[in-house]
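Sequence lines, in order, name chains X and G. Taken in order, the first sequence gives residues 408 to 636; the numbers are from our numbering. Taken in order, the second sequence gives residues 9 to 445; the numbers are from our numbering. For glycine and all other residues, C-beta sits at the position ideal for the given N, C-alpha and C.
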Amino acid sequence: MTLAVFFGCAFIAFGPSFSLFVFTVAKDPLRVIILIAGAFFWLLSLLLSSLVWFIAVKASNSQDLGLQRGLLMFGVFFSVLLQEVFRFVYYRLLRKANEGLAAISDDDGSAISVRQMAYVAGLGFGIMSGAFSMINVLSDSLGPGTVGIFGDSQYYFITAGELLQSLMETPSHFKVQFSPLTMAFTLINCCLLIVSKVVVKSRYCVGLEMQNMVMKNMCFISTNKQPIC
Amino acid sequence: MNTSDSEADSYNERSALVECESPTIPSYNQDHDMSLPQETDTKRRRPVSSGLDEPGPVERERASTPDGEEEELTLKYGAKHVIMLFIPVTLCMVVVVATIKSVSFYTEKTSQRLIYTPFEEDPNSVGQRLLYSLLNTMVMISVIVVMTIILVVLYKYRCYKFIHGWLILSSLMLLFWFSFMYLGEVFKTYNVAMDYPTLAMIIWNFGVVGMICIHWKGPLRLQQAYLIVISALMALIFIKYLPEWSAWVILGAISIYDLIAVLCPKGPLRMLVETAQERNEPIFPALIYSSAMVWMVGMADSSNPDSADERLRNEGGALAQEGVESEDDAAQGGRRRCSAEEDLEEDRGVKLGLGDFIFYSVLVGKAAATGGDWNTTLACFVAILIGLCLTLLLLAIFKKALPALPISITFGLVFYFSTDNLVRPFMDSLAAHQYYI
Numbered sequence: 408m409t410l411a412v413f414f415g416c417a418f419i420a421f422g423p424s425f426s427l428f429v430f431t432v433a434k435d436p437l438r439v440i441i442l443i444a445g446a447f448f449w450l451l452s453l454l455l456s457s458l459v460w461f462i463a464v465k466a467s468n469s470q471d472l473g474l475q476r477g478l479l480m481f482g483v484f485f486s487v488l489l490q491e492v493f494r495f496v497y498y499r500l501l502r503k504a505n506e507g508l509a510a511i512s513d514d515d516g517s518a519i520s521v522r523q524m525a526y527v528a529g530l531g532f533g534i535m536s537g538a539f540s541m542i543n544v545l546s547d548s549l550g551p552g553t554v555g556i557f558g559d560s561q562y563y564f565i566t567a568g569e570l571l572q573s574l575m576e577t578p579s580h581f582k583v584q585f586s587p588l589t590m591a592f593t594l595i596n597c598c599l600l601i602v603s604k605v606v607v608k609s610r611y612c613v614g615l616e617m618q619n620m621v622m623k624n625m626c627f628i629s630t631n632k633q634p635i636c
Numbered sequence: 009m010n011t012s013d014s015e016a017d018s019y020n021e022r023s024a025l026v027e028c029e030s031p032t033i034p035s036y037n038q039d040h041d042m043s044l045p046q047e048t049d050t051k052r053r054r055p056v057s058s059g060l061d062e063p064g065p066v067e068r069e070r071a072s073t074p075d076g077e078e079e080e081l082t083l084k085y086g087a088k089h090v091i092m093l094f095i096p097v098t099l100c101m102v103v104v105v106a107t108i109k110s111v112s113f114y115t116e117k118t119s120q121r122l123i124y125t126p127f128e129e130d131p132n133s134v135g136q137r138l139l140y141s142l143l144n145t146m147v148m149i150s151v152i153v154v155m156t157i158i159l160v161v162l163y164k165y166r167c168y169k170f171i172h173g174w175l176i177l178s179s180l181m182l183l184f185w186f187s188f189m190y191l192g193e194v195f196k197t198y199n200v201a202m203d204y205p206t207l208a209m210i211i212w213n214f215g216v217v218g219m220i221c222i223h224w225k226g227p228l229r230l231q232q233a234y235l236i237v238i239s240a241l242m243a244l245i246f247i248k249y250l251p252e253w254s255a256w257v258i259l260g261a262i263s264i265y266d267l268i269a270v271l272c273p274k275g276p277l278r279m280l281v282e283t284a285q286e287r288n289e290p291i292f293p294a295l296i297y298s299s300a301m302v303w304m305v306g307m308a309d310s311s312n313p314d315s316a317d318e319r320l321r322n323e324g325g326a327l328a329q330e331g332v333e334s335e336d337d338a339a340q341g342g343r344r345r346c347s348a349e350e351d352l353e354e355d356r357g358v359k360l361g362l363g364d365f366i367f368y369s370v371l372v373g374k375a376a377a378t379g380g381d382w383n384t385t386l387a388c389f390v391a392i393l394i395g396l397c398l399t400l401l402l403l404a405i406f407k408k409a410l411p412a413l414p415i416s417i418t419f420g421l422v423f424y425f426s427t428d429n430l431v432r433p434f435m436d437s438l439a440a441h442q443y444y445i
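Structure follows, in structure tokens:
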């Protein structure tokens, strides 16, 4: 596998967002800060949702696979919900900060417009979300083609390896492109959602939230009913 | 293997450092924070750098410019300073993580330990491990406290030559010995054939240029690069030689100590800073990373040092069990900022002590070393950057020397442990089912 797969998947997954970063965000320090803060808020939301999931799993019967799967679905749902909540919270925080900024500078408003902030924040969310999903798989693809050979006790190593093996086995290589593209899609979606907060009214916003959650939870409709182990 | 590290203490010797480009500038840092106190407003309105001593007309002229423009400029520059620190911190962390992931030497555990952590952790017994890590931490912190106090005493009694010599010795050690070790391990990992004469020439050139850049004159970027490299080397040494649990406890304890030493009125670092201020001298120019150079052109007075609060932290030396004494250790580094000097906008930089670089990199490096999960590393990285951002924000509000470690290390530790124990199983299960969130 190694380099070709690594670079290919990496560029597919992160190409658009990286170029967005380089061309729009990297030059303005304020935007970089907002981007990283956006990533941080996404991380916080993931942390809290995995805490909830972890507690639920520990409190339940670990042998019952159906229950575990149900808990996982609940975890995903809750995670998506929490992401939206944090997105909203971050957006309000930025708005308040911006208002404060604008109040101070009486000249021509603040240094950065609300739309730009929303776009950058969404980009931050999206990049972090994509990175968290893809990075381990990418780094495993860099290694030799003997993923999983040592029977490592580390759970993720095996699953990532088998994920990749299943990726390679599909004849159309559909899945190889599926995962990165999903990420790219999520990235763009995250930005657009935040931007949409700026321009649409609050009622419509709720509709967009619903749509976003539906989109994310669509991942449950997968062809694999079983985990890939 | 003998690992002696003598990273020096701060030294403050004006004569030796006057040419040094490491900044003795007033680092003015204003972040994009809304709650700017009113006084900064008036300060900013004071005459700026035309070098004239005519406060009157300049002031009036200044006052006529819209407030918003100043604020906006200030905010932009505040954000710029944050980025000016983000980049070197990121670079240092990237170097450390790349090395940890590729060169296995730094993750191999040997029986050698630093002399500062004498208790060996026994992996079998949790209670004993905890106890020994606490004891190790106490030993390490007391060593650091003692070194800092020695440093302050030396500084107070103006033993500049001693401090100067100490610092030179420690940078020599870092630039020659540790980089030789590092290069050797990299060559071993990538199976590169190298002969000794070539290696000697490389190391010699690297070391000598580094000494010149850091302690004397040199291009700013080169000096920054060298400071980043020696911080990374030091962090790698810590990652290798600190026992597992001790490292985490030490990180926590060091940030608490940093908080105390900088903020308490009788804290050693605060006293150091105040003494330097009284004497109108720059503190520790060679052991702080500074992000910009000051242009003295047209400034009425290069008066930066008098409001330069600076703390520097310097960790020192670990010795192997063979124990050669050349330890140094020192004061803590922090950021420095000048409150009252409103000068040229462009040349204000921000300074961060090398010890902060080192401990940030230790945290991220340990996250990369133990676990093998990139998500944890990424989470710690983001957490540290956000902590740094918040610290700089506080700096903008309070305008005095602040400890750079506590917030970042706290965030880093919280995110490390929670990502490792909570998020990782969650993401693993998701990946197994191919769910993406």
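Between the CA atoms of residue j and residue i - distance to the nearest angstrom
i	j	result
H223 of chain G	I176 of chain G	8 angstroms
M202 of chain G	S112 of chain G	19 angstroms
A567 of chain X	G379 of chain G	Caution is warranted here: a pLDDT of 38 is assigned to A567 of chain X, below 50, making its placement in the model unreliable, and no coordinate value can be reported.
A87 of chain G	P436 of chain X	5 angstroms
L277 of chain G	L530 of chain X	41 angstroms
T197 of chain G	Y190 of chain G	11 angstroms
L138 of chain G	P126 of chain G	14 angstroms
V422 of chain G	L398 of chain G	16 angstroms
D428 of chain G	E128 of chain G	24 angstroms
L413 of chain G	L474 of chain X	43 angstroms
S457 of chain X	F214 of chain G	47 angstroms
L396 of chain G	R166 of chain G	33 angstroms
M449 of chain G	I236 of chain G	Nothing about residue 449 of chain G can be read from this structure; chain G reaches only from 9 to 445.
M242 of chain G	V521 of chain X	43 angstroms
K465 of chain X	V257 of chain G	27 angstroms
Y526 of chain X	F186 of chain G	45 angstroms
T156 of chain G	K117 of chain G	30 angstroms
H441 of chain G	A261 of chain G	40 angstroms
L545 of chain X	M535 of chain X	15 angstroms
V390 of chain G	L228 of chain G	27 angstroms
V104 of chain G	D471 of chain X	43 angstroms
Span of the beta strand (DSSP E) around residue i
i	result
Y297 of chain G	296-298
K359 of chain G	359-361
Residue span of the alpha helix (DSSP H) that contains residue i, given as start and end
i	result
G192 of chain G	187-198
K169 of chain G	168-180
L183 of chain G	Here L183 of chain G belongs to no alpha helix (DSSP H), and DSSP marks it neither H nor E.
T385 of chain G	382-406
F419 of chain G	413-426
L410 of chain G	Element bounds for L410 of chain G: n/a, residue is neither H nor E.
M435 of chain G	432-441
V429 of chain X	Element bounds for V429 of chain X: n/a, residue is neither H nor E.
K465 of chain X	436-465
Chain-ordered chain X contacts of residue i [CB-CB under 9 angstroms]
i	result
K88 of chain G	P436, L437
L143 of chain G	Simply none; closest approach about 31 angstroms.
V217 of chain G	Going along chain X, no residue has its Cβ under 9 angstroms from V217 of chain G, so there is no contact; the nearest lies around 30 angstroms.
L271 of chain G	Those do not exist, as L271 of chain G stays about 25 angstroms from chain X at its closest Cβ, beyond 9 angstroms.
Amino acids of chain G, ordered along the chain, whose beta-carbon sits closer than 7 angstroms to that of residue i
i	result
I542 of chain X	W382, N383, L386
S546 of chain X	W382
S457 of chain X	L430, V431, F434
Contacts of residue i in chain X (Cβ-Cβ under 8 angstroms)
i	result
C397 of chain G	I440, I443, A444
V390 of chain G	I443, A446, F447, L450, M535
I91 of chain G	P436, V439, I440
Interface residues of chain G facing residue i [CB-CB closer than 9 angstroms]
i	result
A640 of chain X	Here chain X comprises residues numbered 408 to 636, so residue 640 of chain X is not present and cannot be evaluated.
L501 of chain X	Within chain G, no residue comes near L501 of chain X; the closest Cβ sits about 11 angstroms away, beyond 9 angstroms.
Beta-carbon neighbours of residue i, restricted to chain G and to distances below 8 angstroms
i	result
F493 of chain X	Correct list: empty, because the minimum Cβ distance to chain G is about 13 angstroms.
Chain-ordered chain X contacts of residue i [CB-CB under 7 angstroms]
i	result
L393 of chain G	I443
Where the stretch 464-481 of chain X meets chain G: residues whose CB sits under 7 angstroms from a CB there: Of all residues in the stretch 464-481 of chain X, only L479 come within less than 7 angstroms of chain G when Cβ atoms are compared, listed by chain position.
Segments of 4+ residues assigned as alpha helix (DSSP H) that fall wholly inside the stretch 108-133 of chain G: As far as the stretch 108-133 of chain G is concerned, it has no whole alpha helix (DSSP H) run of at least 4 residues.
Whole runs of the alpha helix (DSSP H) within the stretch 470-544 of chain X, excluding any shorter than 4 residues: You should have 472-511.
Against chain G: residues of the stretch 430-451 of chain X by CB proximity under 7 angstroms: For the stretch 430-451 of chain X, the residues whose beta carbon sits under 7 angstroms from a beta carbon of chain G are, in order, P436, L437, V439, I440, I443, A444, A446, F447, L450.
Residues in the stretch 365-376 of chain G having any Cβ partner in chain X nearer than 8 angstroms: Answer in chain order: no residues at all.
Those runs of the beta strand (DSSP E) which lie wholly inside the stretch 222-304 of chain G and span at least 3 residues: Runs found: 296-298.
Contacting positions in the stretch 101-128 of chain G - beta carbon closer than 8 angstroms to chain X: Against chain X - using a Cβ distance shorter than 8 angstroms - the stretch 101-128 of chain G contributes no residues.
Contacting positions in the stretch 422-435 of chain G - beta carbon closer than 9 angstroms to chain X: Answer in chain order: V422, F423, S426, T427, N429, L430, V431, R432, P433, F434, M435.
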